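Protein chains in written order, with numbering that gives the first Met the number 0: chain U, 0 to 397; chain R, 0 to 397.
All residues carry an ideal CB built from backbone N, CA and C; glycine is no exception.
None of these values were measured; they are calculated from a predicted model.
Number of protein chains: 2
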Amino acid sequence: MKNTNLNMLNDIKKLYEVQLLNGELEFWLKYGMDPINGGIYTALDEDGSLLDTDKSVWFQGRALWTFCTAYEKYKDPRYLKAAESLIHFIEDYCFDKADGRMYFRVSEDGQPVIKRIRYLFSETFTIIGFATFYRITKKDEYKDKALKLLEFVEYLRTTPGILVPKSMRKSRSFGEPMILLNVLSELRTSIPGKTNWLNDYMDKLLNEVQTYFVKDDLQLVLELCNMDGTVQKDHMEGRLLNPGHAIEGAWFIMNEGVNRGKKDYIDLGLKILNWEWDLGWDEPYGGIIQYRDAFNLSISEYHQDMKFWWPQCEAAIAQLYAYYLTKDESHLHKFLKVNDYIQTRFVDNKNGEWYGYFHRDGTLSTKVKGNMYKGPFHIPRMYMKCIDLIDKIIDTRN
Amino acid sequence: MKNTNLNMLNDIKKLYEVQLLNGELEFWLKYGMDPINGGIYTALDEDGSLLDTDKSVWFQGRALWTFCTAYEKYKDPRYLKAAESLIHFIEDYCFDKADGRMYFRVSEDGQPVIKRIRYLFSETFTIIGFATFYRITKKDEYKDKALKLLEFVEYLRTTPGILVPKSMRKSRSFGEPMILLNVLSELRTSIPGKTNWLNDYMDKLLNEVQTYFVKDDLQLVLELCNMDGTVQKDHMEGRLLNPGHAIEGAWFIMNEGVNRGKKDYIDLGLKILNWEWDLGWDEPYGGIIQYRDAFNLSISEYHQDMKFWWPQCEAAIAQLYAYYLTKDESHLHKFLKVNDYIQTRFVDNKNGEWYGYFHRDGTLSTKVKGNMYKGPFHIPRMYMKCIDLIDKIIDTRN
Numbered sequence: 000m001k002n003t004n005l006n007m008l009n010d011i012k013k014l015y016e017v018q019l020l021n022g023e024l025e026f027w028l029k030y031g032m033d034p035i036n037g038g039i040y041t042a043l044d045e046d047g048s049l050l051d052t053d054k055s056v057w058f059q060g061r062a063l064w065t066f067c068t069a070y071e072k073y074k075d076p077r078y079l080k081a082a083e084s085l086i087h088f089i090e091d092y093c094f095d096k097a098d099g100r101m102y103f104r105v106s107e108d109g110q111p112v113i114k115r116i117r118y119l120f121s122e123t124f125t126i127i128g129f130a131t132f133y134r135i136t137k138k139d140e141y142k143d144k145a146l147k148l149l150e151f152v153e154y155l156r157t158t159p160g161i162l163v164p165k166s167m168r169k170s171r172s173f174g175e176p177m178i179l180l181n182v183l184s185e186l187r188t189s190i191p192g193k194t195n196w197l198n199d200y201m202d203k204l205l206n207e208v209q210t211y212f213v214k215d216d217l218q219l220v221l222e223l224c225n226m227d228g229t230v231q232k233d234h235m236e237g238r239l240l241n242p243g244h245a246i247e248g249a250w251f252i253m254n255e256g257v258n259r260g261k262k263d264y265i266d267l268g269l270k271i272l273n274w275e276w277d278l279g280w281d282e283p284y285g286g287i288i289q290y291r292d293a294f295n296l297s298i299s300e301y302h303q304d305m306k307f308w309w310p311q312c313e314a315a316i317a318q319l320y321a322y323y324l325t326k327d328e329s330h331l332h333k334f335l336k337v338n339d340y341i342q343t344r345f346v347d348n349k350n351g352e353w354y355g356y357f358h359r360d361g362t363l364s365t366k367v368k369g370n371m372y373k374g375p376f377h378i379p380r381m382y383m384k385c386i387d388l389i390d391k392i393i394d395t396r397n
Numbered sequence: 000m001k002n003t004n005l006n007m008l009n010d011i012k013k014l015y016e017v018q019l020l021n022g023e024l025e026f027w028l029k030y031g032m033d034p035i036n037g038g039i040y041t042a043l044d045e046d047g048s049l050l051d052t053d054k055s056v057w058f059q060g061r062a063l064w065t066f067c068t069a070y071e072k073y074k075d076p077r078y079l080k081a082a083e084s085l086i087h088f089i090e091d092y093c094f095d096k097a098d099g100r101m102y103f104r105v106s107e108d109g110q111p112v113i114k115r116i117r118y119l120f121s122e123t124f125t126i127i128g129f130a131t132f133y134r135i136t137k138k139d140e141y142k143d144k145a146l147k148l149l150e151f152v153e154y155l156r157t158t159p160g161i162l163v164p165k166s167m168r169k170s171r172s173f174g175e176p177m178i179l180l181n182v183l184s185e186l187r188t189s190i191p192g193k194t195n196w197l198n199d200y201m202d203k204l205l206n207e208v209q210t211y212f213v214k215d216d217l218q219l220v221l222e223l224c225n226m227d228g229t230v231q232k233d234h235m236e237g238r239l240l241n242p243g244h245a246i247e248g249a250w251f252i253m254n255e256g257v258n259r260g261k262k263d264y265i266d267l268g269l270k271i272l273n274w275e276w277d278l279g280w281d282e283p284y285g286g287i288i289q290y291r292d293a294f295n296l297s298i299s300e301y302h303q304d305m306k307f308w309w310p311q312c313e314a315a316i317a318q319l320y321a322y323y324l325t326k327d328e329s330h331l332h333k334f335l336k337v338n339d340y341i342q343t344r345f346v347d348n349k350n351g352e353w354y355g356y357f358h359r360d361g362t363l364s365t366k367v368k369g370n371m372y373k374g375p376f377h378i379p380r381m382y383m384k385c386i387d388l389i390d391k392i393i394d395t396r397n
């Protein structure tokens, strides 16, 4: 490897550490954490001022994961304190005692506001939060709670009649194996003694992904398909592709290949990444676009051509991962391309945190720094994963 | 009135008739109507090709209203045939026999796909369709069916526990009186013998609008408020304003003032129009913007700064109505401004029908001509209302 590449990556690592610690985590500690009721607000404006006092249950669990993971790496006691605040808020206010399901949104003082009965994301993000909290504190009760909640999620998703889907057209959704892969992988990292069971489960999920969603003839990953894996070609939802989501899947799969020493998983991840980068990278404007149509027909979703923050995060991790695994400089160049797109648009060096929403042409759409769907998760995860990957690249090549 | 204004309005009337008959209704007759199963497809691409075979139940009712109203005015027998196809498709496939509620989406051959239990819009659009079909055919059964469905809607919305709202935070929504005003006004036009009851009901709704949603201190109309009419200022949804929707309300209210000879309604409609035009017209780009925040804070909805087709339609009707009522040329100039914005961007003179979705700066976002939310309703209604208004303006001033 060229020294210039190593030096450049080392500079990016230093930049990412500064942006992670000073720009990202500091912003959420200062403006997000609620010193009165506990938990975190995520609906923040450009300067950190509060746009909505409601709290996202997804982000209580996701921020818990983020602060635990950052604490493990950087040992700042304020991250542990934030994690403790989040875990108490979750346990005190985010479960519906009547049926054990979790809310989607609660008021700042923990009154229920919205409960979504079709989805399990509040529960799955809480599982990764509990598991990671166990990892840093070794408090057994959170290992037990994480595993019990996983069991409950399994019960809910496999018992007919509980999660009634919005559409009566029977379909498979790529989101389901994706979220479970993430949850299981976090459990395996945090909770020893379950490895074989978790490995088998992940193999089953990856088999599902390959059988139903990965389409070699079309060179893409479906978000939604018929039960037999065929494309719902007569329906807009059936053709709707989400390149950022598939790219996130690509690095999950590469990561599983590395963890398990399975070259076929690494090859699958690389194949998906190459397809979806070509599909999603939006020349001449730059950035990973929100949606594409599998047959390149017109798309109806209003935000279809916007540039959101998280697909850029996933693309940065995946290209750097691919470079680490293959030593192929084309992946390094793509990583640098998306890094440049991020640094020149998304990062707010003045106020901290990233903007989240740009028009197709790269002009800013809204100044919000967070809402019920944007908070401290994808960005700190990107920084931490990329820092680890750069360390590995430098270690291997020196 | 100046002759130049009259001549110009007469030219616009001629243009609108050509665009209505050749560009709009012809497009939907040719590409939308399903000659095999009956009913209408609305998910059409730029050239009329089909993007999704599912059918929107909203648009079976709305297109029924459109073709009946156009038949009444232009007596083209193909419009009556389309209306008959729509009414049969609605009656055969759009109701859930189990509980009498209507679906939201069905397959092309009428299999249920989505049923939304929180909302009544499928039912309300069917009421206006049935009532208008009765008006042009004088078939008594559709008068009875319209009134029976209204009774059912009243039962659903006033019986606690049936329409469980998404949020547990008790709120009033401007959409509820708005849709009912539209339904009742169509019923009054179509079905004689109910006038007093309908007038009283509309007065009650307009009182509700003034009491809870029209805010003189802020000079705006709320979309959502607390039960006592106060602003939910700590919540993004509570501050979210929809100028196109309020402008639609403004001309409904002016229209009610004219029908009933009530100057206070006319004044209320004009006041709302002036506030909301100033709020919604987006200089320097032009067009009515999708959303604003009541306190001018950052907005989180992804499409918040886009230019959709229907707010432009509502603004054109409202400004022309205001000009007719006040003779104030500033309203004429605003009508011409929005007409120019429409003609230079939305109207597709080559393929027919309008594009629907533009970025803030007026560049096209997607080429779709329709989907589950865009079909033959706002645009033909705009053309027909504006043609009537121009006739009235010319009659009055000659």
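Hey, is residue i's beta-carbon within less than 8 Å of any beta-carbon in chain U?
i, result
"R/Tyr-301", "yes"
"R/His-358", "yes"
"R/Ile-113", "yes"
"R/Met-101", "no"
"R/Thr-125", "no"
"R/Asp-108", "no"
"R/Ser-364", "yes"
"R/His-234", "yes"
"R/Ala-42", "yes"
"R/Asp-304", "yes"
"R/Ser-170", "no"
"R/Leu-148", "no"
Quickly, what does DSSP pair residue i with across the bridge? List them, please.
i, result
"R/Pro-111", "R/Val-105"
"U/Val-365", "Reading off the sequence shown, one finds Thr at residue 365 of chain U, where the question assumed Val. U/Thr-365 pairs with U/Tyr-356."
"R/Lys-54", "R/Val-105"
"R/Gly-32", "Gly is not the amino acid found at residue 32 of chain R; the sequence shown has Met there. Paired residues: R/Ile-39."
"U/Trp-280", "U/Ile-287"
"R/Arg-171", "R/Cys-224"
"U/Phe-94", "U/Met-101"
Classify residue i: buried if its beta carbon has 16 or more other beta carbons within 10 angstroms, exposed otherwise.
i, result
"U/Phe-294", "exposed"
"R/Pro-375", "buried"
"R/Glu-150", "exposed"
"R/Leu-162", "exposed"
"U/Glu-313", "buried"
"U/Thr-210", "exposed"
"U/Glu-222", "buried"
"U/Met-235", "buried"
From the options, pick the residue whose C-alpha is nearest to that of residue i; which is it?
i, options, result
"R/Lys-165", "R/Val-220, R/Gly-285, R/Arg-117", "R/Arg-117"
"U/His-358", "R/Pro-310, R/Tyr-340, R/Tyr-301, R/Tyr-320", "R/Tyr-301"
"U/Asp-53", "U/Lys-306, U/Tyr-102, U/Met-383, U/Leu-363", "U/Tyr-102"
"R/Tyr-284", "R/Lys-336, R/Trp-27, R/Thr-136", "R/Lys-336"
"R/Tyr-322", "R/Asp-51, R/Arg-396, R/Asn-258", "R/Arg-396"
"U/Leu-28", "U/Glu-83, U/Ile-392, U/Val-56", "U/Glu-83"
"R/Asp-100", "R/Ile-86, R/Leu-24, R/Pro-111", "Reading off the sequence, residue 100 of chain R comes out as Arg, not Asp. The shortest Cα separation from R/Arg-100 among R/Ile-86, R/Leu-24, R/Pro-111 belongs to R/Pro-111."
Taking only beta-carbon atoms, is residue i less than 8 Å away from chain R?
i, result
"U/Ser-297", "yes"
"U/Ile-39", "no"
"U/Asp-53", "yes"
"U/Glu-45", "yes"
"U/Asp-33", "no"
"U/Cys-349", "According to the sequence provided, residue 349 of chain U is Lys. The question's Cys does not apply to it. Output row for U/Lys-349: interface = no."
"U/Asn-370", "yes"
For a test of your reading of the model: does the CB of residue i fall under 7 Å from any non-hydrogen atom of the ligand GTP? Yes or no.
i, result
"U/His-87", "With respect to small molecules bound, the structure shown includes none, and the ligand GTP cannot be examined in it."
Compare the C-beta of residue i with all C-beta atoms of chain B and state if any pair is closer than 8 Å.
i, result
"R/Asp-277", "Given the protein chain composition of this structure (U and R), no chain B is represented."
Should the region 260-271 of chain U be regarded as contacting the region 202-219 of chain U, the criterion being three or more beta carbon pairs within less than 8 Å?
yes
Closer than 8 Å is the cut-off here; do at least three beta carbon pairs connect the region 12-20 of chain R with the region 379-386 of chain R?
yes
Three or more beta-carbon pairs under 8 Å between the region 59-76 of chain U and the region 119-132 of chain U, yes or no?
yes
Between the region 76-92 of chain U and the region 25-45 of chain U, do three or more beta carbon pairs fall short of 8 Å?
yes
Touch check for the region 276-283 of chain U and the region 255-264 of chain U: three-plus C-beta pairs under 8 Å?
no
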